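Take the position in the sequence shown, starting the count at 1, then add 330; the result is the number in the working numbering. Heads up, the beta-carbon is just placed ideally off N, CA and C, and yes, glycines get one too. These figures come from a predicted structure and were not determined experimentally. First up is the structure itself, then whatever we jot down about it.
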Amino acid sequence: WRARRQEASLLGGWLLLTLLALLTHTPLYRHHPVALLPPLAALAGGGLAVAWRGLQQGGRWRQLAAGLLLALLLFELRGNAWAALATIQQAEADELELSQQAAAYLAAHTDPQDTVLTDAPIIAIQAGRRVPVETINTSRMRLYTNELTDQQLIDAARSNQPAAIVFWE
């Protein structure tokens with residue numbers, strides 16, 4: 331901190347701004363942190379450079395601390411890669427088969443010109459059915475934040491007369 335105040339201030343300020351962005355972006359679902367990847371990557375890059383310098387300079391304890399931080403980083407990256415490549419893909423594969431069954435059901439029980447009210451428009455699209463534009467996103471978050479009110483959803487259902495209503499969540 332004393333030797334590199336500007337660098338420490340930059341890293342600390344960047345981390346604080348990223349934390350504020352996370353806190354004001356709640357509730358935070360799995361896909362929301364994607365918007366925060368650029369600032370987090372910039373912070374990680376600066377931190378990695380500081381840790382690498384710590385490996386090359388300073389006393390034995392400083393090298394040990396920097397090496398430990400880099401080892402923890404690699405351990406965390408391994409865990410993130412496993413979660414992204416193994417568990418998430420498996421969960422999506424399970425949902426993919428079920429969504430294909432739902433699309434087949436819609437195709438079998440509705441006419442091609444019918445409208446479907448759904449929070450998963452891909453199911454209606456796969457079945458070749460229309461989704462009203464005003465209800466293209468009926469996610470819980472849109473309802474919770476009042477971007478789509480109950481009354482607007484009821485009005486859309488009345489005006490479009492959907493042949494099916496599929497709430498996937």
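Query: On the DSSP letters alone, give me the boundaries of the alpha helix (DSSP H) that alanine 351 sits inside.; Result: 335-353
Query: What are the boundary residues of the beta strand (DSSP E) that includes valine 463?; Result: No beta strand (DSSP E) holds valine 463; DSSP gives it neither H nor E.
Query: Could you tell me whether the region 483-495 touches the region 439-458, using the rule of 3 or more Cβ pairs below 8 Å?; Result: yes
Query: Apart from the five residues on each side of it in sequence, which residues of its chain come closer than 7 Å, Cβ to Cβ, to isoleucine 453?; Result: Ser429, Ala432, Ala433, Leu436, Val496, Trp498
Query: Sort out for me which residues DSSP pairs valine 496 with in a bridge.; Result: Thr448
Query: Report yes if the C-beta distance between leucine 341 and glycine 376 is below 8 Å; otherwise report no.; Result: yes
Query: Within 10 angstroms of the Cβ of arginine 390, are there 16 or more other Cβ atoms? Answer buried if so, exposed if not.; Result: exposed
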